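Asks:
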Amino acid sequence: MAPNLSKVLGNQNAVVGIAGCTAAVCIILYGKQIHKNRKQRPEDEIQYLISDKKEKRSPKAHVNAVFFNQLRALLALANRWALQLKFIIFSHLSRLTRRAVPGALTSSTGFGLTGIIIPKAWSVENGLLIVIALSLIARSVSDIWMIQNATAIESTIITMNKKQFRTALVKYLSALPA
1 MAPNLSKVLG NQNAVVGIAG CTAAVCIILY GKQIHKNRKQ RPEDEIQYLI
51 SDKKEKRSPK AHVNAVFFNQ LRALLALANR WALQLKFIIF SHLSRLTRRA
101 VPGALTSSTG FGLTGIIIPK AWSVENGLLI VIALSLIARS VSDIWMIQNA
151 TAIESTIITM NKKQFRTALV KYLSALPA
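At position 133 of the sequence shown the residue is numbered 133 (the UniProt record's numbering), and the sequence of numbers has no breaks.
1. With a floor of 4 residues, list each alpha helix (DSSP H) that falls wholly inside the UniProt domain "ABC transmembrane type-1" (113–176), ordered by position along the chain.
2. Compare the C-alpha of ILE157 against each of ILE137, PHE68 and LEU169 and name the closest.
3. ASN11 by DSSP, collapsed to three states: which one?
4. Give the DSSP-derived three-state secondary structure of ASN64 in the structure shown.
5. With the cut-off set at 8 Å, would you say ALA138 and TYR172 are in Cβ contact?
6. Whole angstroms are fine: how far does the CA of VAL141 sit from the CA of LYS120?
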């Protein structure tokens, strides 16, 4: 044996280190061999498709004076079309329809429709509108109250205060619908 190899074989720590390095190299080579022969899983193909980059990048929109000029021209064209369409619709309406609701459909601002929706200050339609508005406001307030109670429960769990936890939980459960 060579003099250097005999010194290594005499030291038990060196032998263990060489055996460990040899085992690590064998495991790495075996893993590479298995990876080459392995069938592609659908997850690998999906990951490849997701991370696949495009060669061509589409040009980005530039918001500058040219863009605003084009936008202004398009809006003017759309406004002309809307006016022509409005003229066609109102020219084909019968006189009876125009007399039934005077000025309600001809208002350009849209406030003419409020005459149909709310005919009087004290009417059934106005009452229903107020009831719906109040129910939406009450629902929002109750949602905020429930969120605050849930947050209080979470904070008592974090602080590990059993007494506050019980009271917060009782308040929360008492507000739940049956």
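Positions of the beta carbon are idealized from the N, C-alpha and C atoms, including for glycine.
Owing to the predicted nature of the structure, the values given are computational and were not obtained by experimental measurement.
Replies: Considering the structure as presented:
1. 114–117, 124–159 and 162–175
2. LEU169
3. coil
4. coil
5. no
6. Approximately 30 Å between the Cα atoms of the pair.
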